[in-house]
RNA sequence: GAAGUGAGCCAAGCGGUCGCGGCGGAUUGGCUGAGUCGCCCGGCAUGUCCGGCGACGCGGCGAUUUGCCGAGGAAAGUCCGGGCUUCAAAGGACAGGGUGGUGGGUAACUCCCACCGGUCGCGAGAUCAGGGAAAGUGCCACAGAAAAUAAACCGCCGCAUCGAAGUUGCGCCCGCGAGUUUGCUCGCGCGAAGGCUACGGUGCGGUAAGGGUGAAACGGUGCGGUAAGAGCGCACCAGCAGGCCGGGUGACCGGUCUGGCUCGGCAAACCCCACCCGAAGCAAGGCCAAGCAGAGAGCAAGUCGAGUCGCGCGAGCUUCGGUUCGCAACGUUCGAUGCGGCGCGGUUCGUGCCGGACGACUCUCGGGUCGGCUGCUUGAGGCGGCGAGCAAUCGCCGUCCCAGAGGAAUGACCGCUCACGACAAAACCCGGCUUACCGGCUCACUUCGGGG
RNA sequence: GUGUCUUUGACCGAGCGGCAAUGGUGCCAGCCUUCCAAGCUGGUCAGGUGGGUUCGACUCCCACAAGACACU
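Residue numbers (my numbering): 1234 to 1375.
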């Protein structure tokens, strides 16, 4: 197996794509929100985390929504080293979400940390190793 | 120079790094598919079998690397039109819907171009659902006499009759005076006998000139005419209908004659006329894989024609075994009709498919799947040139390939420049329309002012 | 993506080619009550936007906007 998790690439395998996956995250995931984003997380038994986006029509017209989605993908791509592995993350922006890249990155990283804590507190044995800087513990279990 | 009108074009640019989608190339010790050859270890239904292992080249997926391409003028709204696909095909009539000056363009249009007519503007130009109201039905509030065959009312006029006043004034018949153009005019007086008129009412008749209104009032002005009036007559003007002549493919325009003299508006009210329109939509449709559970209903009775086999009847021949011909229509085959089911968006005509017996049939209800491939981008295509046409557009030649995703590809960072960047992103594809929009550019034209 | 429909005061609804646009809930004021509630009286506030047809449009036609529903 290769070790793609530190690369800055963004292939389709690190994205939540099927309807069933989305439904599972909505049904069993934990939801964490702050002022600009709402994040739903669920462990996925994989070596990598995956990103899914749900941008409603309240976030503007098609151009604004596309721009927001692209910036969220860029944030995820750049911060994969800082994020824990093995999670499905569905991100829902709020209606008044700013599109500044730094703000989105900060929000995404901190929300993911809080989601990991909440998952750890919810289940007796967390299926996901809590690894905030990513390159220490995650890859061994697969 | 200022103000404006119309048409068309562009949609910040350049470079670098990382990342994303598609297509192509190279590499690959990862995964996988089918094939060929080999080994004979395994199975038993001993084979051109099944299975296993190895080698070879080929393909797919993945990984690495590399090259090219990668949202719009509106991609939008979904308001029209077409292609394409499925419904067997897309037929008639009616219903329903749409369109509405003429000619052209187009695959087609509610689009475009040119022209005609109306309205607006000094003008360049703009704008108009712009057929029919003397086929019919309906509506026109309030106001007004009346809102649509014109008639009733007020008014005006004539005739008849009644009443009141009963005398003054007016007018006439009479006398005097003044003036005078000798026609007559003015002033005064008289009588009240008579008559007429003036007043009011009623009745009959004539009339449409007038009647504050209203969005709109049954032609306008003048002269004649009359008891009063009237297109009743005449002249001019407006309008309508018809005929003729000329121009134009045509809408229509110009001229002329005649007519009765005149007929309101609304059809984006019903309607009439002409023309057009089958339905659904790429989540259409096709293929593969996976997966589930079935249940109910129908299959009845014929008719006609043809074929010929078996049977039956008749006739001929006969070696008495049969054989040939004809009839009949019992069985059978085919066709038609009828019947039943379903369908052709609604109704109907017409028509298509299936059904002759328990099925590999038809119909109804129910159940399962929500994966992959395809459709999927070469097209009424872009650019350039030449030609036809006033133009929309068309023809020919050359040249180019220019997104094809699928929880859905264009983002981030850095540097430079400027006018500091609007509205906004494909989802089967085109042609239009409409709406949004920072600004910039080009061409043609109009009006006004100044200069030569 | 495709198809269908709606829009009338702060809210729910009716209506029609000619009004000062009707009703209820609400809100405001007054009366009643010792006070409140209920009741009574009066008032307030309107046809999504822009064009067109018509003498006249909330109504008819067109365009746009906002919203809702259905299919899948």
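Don't be surprised by glycine CBs; every beta carbon is placed ideally from N, CA and C. This one's a predicted model, so the numbers in the text were calculated from it and none came from an experiment.
**Item:** residue 1282 classed as buried or exposed, judged by whether at least 16 other C-beta atoms fall within 10 angstroms
**Value:** buried
Beta-carbon proximity check, residue 1270 vs residue 1341, cutoff 8 Å | If you check the CB distance, residue 1270 and residue 1341 come in under 8 Å.
Open item on the list: For a test of the three-state rule: what should DSSP assign to residue 1322, helix, strand or coil?
Closed with: strand
Next on the checklist: What does DSSP give as the partner residue(s) for residue 1274 in the beta ladder?
Outcome noted: 1263, 1322
Using the beta-carbon count (16 or more within 10 Å), is residue 1355 buried or exposed?
-> exposed
To the nearest angstrom, how far is the alpha carbon of residue 1288 from that of residue 1273? Distance between the alpha carbons of residue 1288 and residue 1273: 13 Å.
Ends of the beta strand (DSSP E) at residue 1285? 1283–1286
Name the one or two DSSP bridge partners that residue 1248 has. 1284
(Q) If you follow the alpha helix (DSSP H) that residue 1345 is in, where does it begin and where does it stop? (A) 1334–1355 is the span of the alpha helix (DSSP H), which, as asked, contains residue 1345.
_8 Å Cβ cutoff met for residue 1276 and residue 1352_ = yes
Q | Exposure label - residue 1326; buried when at least 16 CB within 10 Å | A | Around the CB of residue 1326, 16 or more other CB atoms lie within 10 Å, so the residue is classed as buried.
Q: Determine, using beta carbons only, whether residue 1315 and residue 1334 come nearer to each other than 8 Å.
A: no
Beta-carbon proximity of residue 1330 to residue 1301, cut-off 8 Å: yes
- Beta-carbon separation (whole angstroms), residue 1258 vs residue 1284, contact threshold 8 Å: Wrong, their Cβ atoms sit about 11 Å apart, outside the cutoff.
Quiz item: Near residue 1243, what residues of its chain come up, given a Cβ to Cβ distance below 7 Å and the 5 sequence neighbours on each side ignored?
Solution: 1306, 1310
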